[in-house]
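Take a look at the structure set out below.
Numbering (the working numbering), first residue to last: 68 to 275.
Shown next as structure tokens:
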């Protein structure tokens, strides 16, 4: 069965398993230059931390259906490399459903602990920030990928010519470190148990 992921811009994703949907890290209107407003209907909304470009719960209308086929595990970590003293905490959310595991790394600011890395081993997909400044940068993101060996990596929280914060880096800096890069013409991808056992880096275009 698997799950479907759709990138909505910045660090915001819609994850679906059947007709059940979770939206992660919706951003406040106007908070991310060049990114359109988040207006979604879903069964859950998850925010990795309480910064305005990650916690706009008002952009998601909840169905009220409660729990469904996606099991969510919250893995607390840090938004910086000094145990949260600079930017506070940030949660890594692991979603399991349809026979696959996906992790959304939020604004992870440094390499996760050995205990967390153990829990994150062998993910089917990792949604990982790569832009630096507020989060891990390209080299640190690649080190996380090397440590956990996910089958698919979807970069997020970066800058392009048309969107993103000017202080963070472009996605190309991360992609240059990756051997297997595949660009998709749409921002939606199905993650299935039958996917090839190799790391593939996706570069989806903005959904809106």
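Beta carbons: idealized from backbone N, C-alpha and C, even for Gly.
What you are looking at is a predicted structure, and each value in this text was computed from that prediction instead of being measured.
Which residue wins for smallest C-alpha separation from residue i, given the options the options?
i           : options            : result
residue 219 : 103, 156, 200, 251 : 251
residue 141 : 118, 112, 120      : 112
residue 313 : 82, 239, 120, 115  : In the structure as shown, the chain begins at 68 and stops at 275. Residue 313 is therefore absent and cannot be evaluated.
residue 107 : 126, 179, 98       : 126
residue 234 : 73, 99, 87, 69     : 99
residue 225 : 116, 187, 204      : 204
residue 177 : 190, 166, 202, 187 : 202
residue 95  : 76, 169, 165, 241  : 76
residue 130 : 118, 214, 86       : 86
residue 223 : 91, 84, 132        : 91
residue 231 : 115, 84, 116, 120  : 120
residue 115 : 93, 214, 88        : 93
residue 171 : 104, 97, 139, 199  : 139
residue 80  : 128, 179, 236, 194 : 194
According to DSSP, is residue i part of a helix, a strand, or is it coil?
i           : result
residue 111 : strand
residue 176 : coil
residue 241 : helix
residue 257 : strand
residue 90  : strand
residue 183 : helix
residue 105 : coil
residue 68  : coil
residue 99  : coil
residue 250 : coil
Just grab the DSSP bridge partners of residue i for me.
i           : result
residue 36  : This structure cannot speak to residue 36, because the chain is shown only from 68 to 275.
residue 157 : 144
residue 164 : 167
residue 202 : None; residue 202 has no bridge partner.
residue 79  : 76
residue 226 : 237
residue 188 : Paired residues: none, contrary to the question.
Which whole-angstrom value is the C-beta distance of residue i and residue j, which I expect to be below 8 Å?
i           : j           : result
residue 243 : residue 217 : Contact flag wrong, Cβ pair sits at about 19 Å.
residue 208 : residue 196 : 7 Å
residue 74  : residue 254 : 4 Å
residue 159 : residue 183 : 7 Å
residue 169 : residue 70  : 6 Å
residue 157 : residue 173 : 4 Å
residue 277 : residue 136 : The structure shown has nothing for residue 277, since the chain only spans 68 to 275.
In the DSSP assignment, the alpha helix (DSSP H) including residue i goes from what residue to what residue?
i           : result
residue 212 : 205 to 215
Could you pull the start and end residues of the beta strand (DSSP E) that residue i belongs to?
i           : result
residue 130 : Per DSSP, residue 130 belongs to no beta strand (DSSP E) and is neither H nor E.
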